[in-house]
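In the UniProt record's numbering, the protein residues as written are 1 to 147.
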């Protein structure tokens with residue numbers, strides 16, 4: 001059974017997945033701090049009770065920002081991130097938000113295709129935004145979706 005739900009308590013699964021997906025994954029403490037902030041939300045996709053994909057969003061004054069989104073590598077290419085994005089977009093539209101922003105590394109064409117497929121548009125670029133362990137920093141595209 002699969003389920004998308006809003007997370008209301010910290011989970012070590014988030015740290016585990018994030019560190020598998022990014023060079024500098026966030027710690028459990030970072031996720032715990034985000035969960036207690038009033039404008040932050042974490043949506044998770046579960047398979048048989050285990051979190052396999054998640055998105056962290058902040059919403060302030062009608063604008064949302066995706067802080068991170070990732071899927072456990074063992075569950076990628078199944079459309080889970082797309083379903084989470086659709087859930088976030090629907091939730092923000094339902095509450096009257098006007099836009100949703102995010103940054104994506106320029107060396108991640110699969111993620112860029114996903115975001116563009118749901119309507120995000122490039123609005124700018126951040127130089128050397130993402131640090132890499134064994135390579136120079138990578139620029140990020142700034143993307144916006146009008147809701």
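Even glycine gets a Cβ: it sits at the ideal position worked out from N, Cα and C.
In this chain, the beta strand (DSSP E) harbouring residue 122 covers 121-130. Between residue 102 and residue 51 the beta-carbon gap is near 20 Å, outside 8 Å, which marks them as no contact.
Cβ-Cβ separation between residue 84 and residue 119: approximately 15 Å, too far for a contact (criterion under 8 Å).
The beta carbons of residue 57 and residue 41 sit closer together than 9 Å. In the displayed model, residue 88 falls within a helix according to three-state DSSP.
For the options 54, 22 and 76, the alpha carbon positioned closest to that of residue 138 is the one of 22. Look at the UniProt domain "N-acetyltransferase" (2-147) and you find these whole runs of alpha helix (DSSP H), each 4 residues long or longer: 12-21, 28-36, 80-94 and 109-117. With contacts defined by Cβ atoms closer than 9 Å, residue 68 and residue 55 form a contacting pair. Across the structure, residue 115 and residue 73 are spaced so that their CA atoms are roughly 18 Å apart.
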